[in-house]
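If you're matching positions, the sequence shown starts at 1 in my numbering and goes up one per residue.
In this text, a Cβ means the ideal position worked out from N, Cα and C, and glycines have one as well.
First the structure, in the form of structure tokens, and then the observations on it.
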Amino acid sequence: MGNKDSYLIRSTDSKNDSDIPIKYEEAVEILTDVEFHRLEAIWSHRKQMNEFDFCRELFKNTKIPRNFQSLIYHKFCFDEDVITFESLVISIVILTKGDLAMKKKFLPEVNERFFNIFSNDSTMMDREITLNHNLYEVLSGVTHFTEDEIGQLNNFFYDICTIQKSKINFDKFKMICNGSLTPSQVKLLFKAYDSNEDNHIDFKEFLCALSASCRGPPVERIKFVLQMWDRDKDNNFSEETIYNIYNELDIEEKDRTLKIENSKVSLYDVVCWANGVKKVEEFLELLKQNSYVCFGLPLQTKEEEFMTLEGYRNSVKRTKNTEFYVISHKWWNKMIVGISKNNHEIEPIVGGECLVETNFPYDWMYSYEGRQMIGPILKQNIVENVDYVLVDKALFLFLRKKYGIYDNEIRRYCDCNGIVDLYPPLLLMHCHRGYEKKPWFWSLYPKTLPIKVLKNDAQEGFEIDDSNAIRLWLMPEMILLDNEDITLEKFIDDRKYLKILLEIRNRDMSWPEEMIEFFNTTNDSSISNKDGYTSSQSLANKNLLSIEKKTLGIVGLANLGNSCYMNSVLQCLIRTDIITDYIIKRLDEDVEDNSLVTAFGRFLCEVFAKENHKFTPGELKNMITNKCPMFADQNQQDANEFLSCFLNTISEELATSNNEKGILPETTYLSNTPADLEWKKQLKREFSIITLQICGQLKSSLTCQSCFNVSETFEPFTFLQLPIPDNDLLLLTIIVIPQNGKVPIRMSWSLPGHMKLPYIKSLIKNKTGIVETSIFFTILDSNFKLKQNIFEKLNNENVEVKSLCSLKECNIIAFEIVPESTDSCPVFALNRNDHFNDLYIIKAIDGITSYFFGMPLVFQYRPSITRVSDFYRDVYNKLSQYYLKDGNKNSTHNRAVDASENLKGRYPFEIVAVDNSFEWCAFCDWTKFCRGCNLEELGEFLSINVRNIAIHWKPSSLYLNYQSVMDLMCIDDDSVKREKEEYKKPVSLTTCLNDFVKPEILDDNLMCSFCDKKTKMEKKFQIQREPNILIVNLKRFVYIPSSGWVKSRKAIEVPFNNFTILSNGYNYECYAIVNHYGAIGGGHYTAYTKVSNKWYLFDDSSYNAVNIEDVDVKNAYMIFYKKQE
């Protein structure tokens, strides 16, 4: 390849001119090695790049017009449909290395100014380079790293950051530090890195800790290690702490010689003791090895690199299910030799093909696809450290990132004895998705990993979002592998390979074999398949089940296409003994083939016929479809509507049959009161077991507010539909930022969704005293970026609470902005940190990424009157609370000491004018790719056009002096905790009942028969007759005028015993619950039922016993009660 000073010059009148000005090989020669490898890394494993990916990769949040983005894409394609790697390389070379004539021919639609951006691509953004150099220079003086090493570590750190791209939390630290340290050591190490104890590690902490632990003199390194146990930072260690150090470092008994006086030992004494103790030295070396592999620690000599690699590889413990990668020993040796000879051209990981078996043991393996979940089959009799070496995951990722890889990755796992199993079981798997049949495929899989890992890998391989949409079956026995904690080891025995059926749930939530069973259901045959499912059958001419022979009836019900609503209700009805006993007895006496009662009876006989099985209720579903056509399709349905239709149909059929047979209700016990007379009419109208046991009676009273005349009506109910109080309340949390520079205040309210902005402002005024006209709302998103594009819309007086609460993962900010003068203008500010990207296509466009941090700010200025110098001073004064001028004097944890800021300029930041994105300039044309013009460059006075500014911190100031712990400091008002707890607090079922029976004044006037005019009426419900079986339906789906139909997710507190619906009435005990999960337009139903004093969870065909405290009552939708004996 060439070098970066090689620029392409080609005349426009060349005779060899063509549509593609240069060949790919020529372009590659012009690029430097670094530039070419960068483009390779960006391209990754793509075969091509479409327009969407290209624009997302290159343009991201730029101001480039969409039509111009499309133009550049098609230019890069060279008249093809997509971009290839070759066309990408050629295009980049033309734009960044070609002469002006070639650029004009390649992109004639733009002017020369646009091309100037690319002419100096390798030296662009000198300001950022200089600022970073200043940072590296300062850090180099206070650590044991060179400026180049700090630059490398800075890039590494930003690649692994999680929060605002400037910090690492513990979860990320634990994930990265997954090498040779134990979990407890990783936890202690994180605390040692986190010197300011904010539970995050910033770059300064990262660098200083790395320097102190790996580069300092022995005493400094020992002091750092001891910080892992010095929790209170008082440089003293208790007796308990000393013993923790002994045990964690596995100190030999002969070296446990510290003298403990007054229950404490000083840091000085512990350092003196530790210096020279073998186990301490070993741990220091272990930290260094781990830091090199996991944290990118630069090593000073090639010999040190060699020793560290070998030391790390040998230090990793081999325990059960530890993941290792198999690498060619030949490549490993070449790599080690290359390091020792200072060879920078070490080839990517290769040679693994020499370890791979090409002759498969079974002929069918040639016919089916091989999916390498953990890599290919290895040859027999290969020897470790002769043919291959084993490296753990952390070291493999380190090698892959540093050198690349050409081989297929070969993963293996340790067995129970700590031996890496090179020859795991062979799986022959078949994917079953409905009637779609895919070929079998085979793969290796570790026998010691739990089934859930295999399931997760399969889910990822088939790109399935829902983990519950996959089931695994062991064939040919058809054993459902539903215990995900077991391993394949249990099933191997003497088998040469395992056959696994991978079953994928249909879109309607049914399983393929369930639907097949449903479609195969007939009226004259019983089908019991190998899956353990039994289908319904005709019981004509067969001995029916007697009540005395009933089993417990614990059965899973197949999902027949979004039929979870039906299955959950049926599970509850199965437990309604007084109904099921009656239906089964009646089936012995009278069989009507075309009735729902008969189908339900046959269904119950199958349920109670044998214990613990899975059942396809095909015949019952067909009859439901016939009797209740609204449930004929496979759409999602409401469980309460189904229960209502189901019980009404059965009740009507039973009443008709009783009437035909002359069976009349007993009514002599009823009096002549209006309630009893109405109940007598109901019994005569529909006499059935449903009416007798499940129906209750409501009294509805209307009281005239003019003459107070009361009119009463009585009506039966099959279930009580109870409202959930405060269904329309939303939790609104707002951060109020006062103008006086005081700490922001977070406050919360529970408000109806239709409440509007003026009311919210009045609430803020009541708490803070800020007048409504001075309150302005904006949104701070999860990237700490103000969404200024919706600022005007958000401050419209008609904005409702529901609009604010709908903004997920965002903070609602309320600024106090009081005009300082009649002509002052507000300007919104964000703290910004610009970071170089290691990977980019064109530096000018995607070479820098802006990250934002801290609370947003508002400043004021007078256009054409406020001097830029005065504005700078105001900003600095407001930010001084976050900025330590003399370094962090309290940070003395045996680290390299922080230096004071050596600023080349008056302020630790630059203020640049930006547009609403806060990333790009407010004034410059997009073709300049300007990140914001410095206010000092725009003139002596501030222009009226400055609406947003970015406070662009100099890296040395940001890392050394900026107190990131304070910039998000916010005081929580008492309302935050109170409202959150109240909002999440479950509502008791009794509260729902009281809300149902409380009087309410109706909106519309009604005719009063006594006044003979329309008047205001008070309506009130009262339970007149308690049913033996009480079914409560919670009105989770409600209509809110401001929002339409919504689902209330309010948690409900359901009593299992002693629930009453009348004072001095019966006590009820709960025996079944239907729960609904998901949104109003979809979701899933499950049921909990009580069987012989034990609770079970039923989820379609699966079921399992649960403790009573694990019964989910918070999401209850229907609750079944019976009178307590």
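query, result
"Residue burial classification, Y325 (beta-carbon count within 10 angstroms, cutoff 16)", "buried"
"CA nearest to the CA of K490, picked from E463, P425, A469", "P425"
"In DSSP terms, what I689 is bridged to", "I689 pairs with nothing; no bridge assigned."
"Coarse secondary structure for K928, derived from DSSP in three states", "helix"
"Exposed unless 16 or more other CB atoms sit within 10 angstroms - verdict on H952", "buried"
"Host alpha helix (DSSP H) of D588 (start-end)", "577 to 589"
"Beta-carbon spacing of P251, V225 below 8 Å", "According to the sequence as given, residue 251 is Ile; it is not Pro. Not in contact: I251 and V225 (Cβ atoms no closer than 8 Å)."
"Endpoints, the alpha helix (DSSP H) within which Y243 is located", "239 to 248"
"Residues that DSSP places opposite C933 in a beta bridge", "A913"
"Close-in-space but distant-in-sequence residues of the same chain around L698 (CB under 8 Å, 5 per side omitted)", "F714, E715, P716, F717, F1021, Q1022, I1023, Q1024"
"Inter-residue spacing [alpha-carbon to alpha-carbon] between N1152 and I245", "This structure gives no information on residue 1152, because the portion of the chain shown stretches from 1 to 1125."
"Under the three-state DSSP convention, the category G1065 falls into", "coil"
"Beta-bridge pairing of F859 - partner residues as DSSP gives them", "V827"
"Coarse secondary structure for P955, derived from DSSP in three states", "helix"
"Helix, strand or coil at H613 [DSSP, three-state]", "strand"
"Length of the line joining the Cα atoms of E303 and V219", "23 Å"
"Backbone secondary structure at A1105 - three-state DSSP", "strand"
"8 Å Cβ shell around A274 - same chain, five flanking residues per side excluded", "I222, V225, L226, V280"
"Beta-carbon proximity check, E353 vs D269, cutoff 8 Å", "no"
"N1093 to Y1121 span [Cα, whole Å]", "14 Å"
"Cβ-based neighbour list, I451, same chain, cut-off 8 Å, excluding 5 preceding and 5 following", "L472, L481, N483, E484, D485, I486, T487, L488"
"CB contact flag (A913, L938, <8 Å)", "yes"
"Beta-carbon gap between L207 and L153 smaller than 8 Å", "yes"
"Cα-Cα separation, S957 to N314", "42 Å"
"Nearest to M1007 (by Cα), restricted to the options P999, E1000, K1016", "K1016"
"4 or more residues per run - each alpha helix (DSSP H) lying fully within the segment 744 to 794", "757 to 768, 791 to 794"
"Proximity below 8 Å, CB of K496 to CB of M475", "no"
"Inter-residue spacing [alpha-carbon to alpha-carbon] between S762 and T84", "59 Å"
"E981 at chain C interface by Cβ criterion, 8 Å", "Although the question refers to chain C, the structure presented lacks it and comprises just one protein chain."
"Integer Cβ distance of L729 from I650, believed to fall under 8 Å", "About 39 Å; that fails the 8 Å criterion."
"Same chain only: Cβ atoms within 7 Å of C933, ignoring 5 sequence neighbours per side", "V912, A913, C921, F923, C924"
"Span separating the alpha-carbon of N381 from that of L427", "22 Å"
"V799 in three-state terms, based on DSSP", "coil"
"Whether Y292 touches S180 by CB criterion (8 Å)", "no"
"From D1110, T96, T990, residue whose alpha carbon lies closest to that of A27", "T96"
"Nearest-angstrom Cα separation, counted from G418 out to K317", "8 Å"
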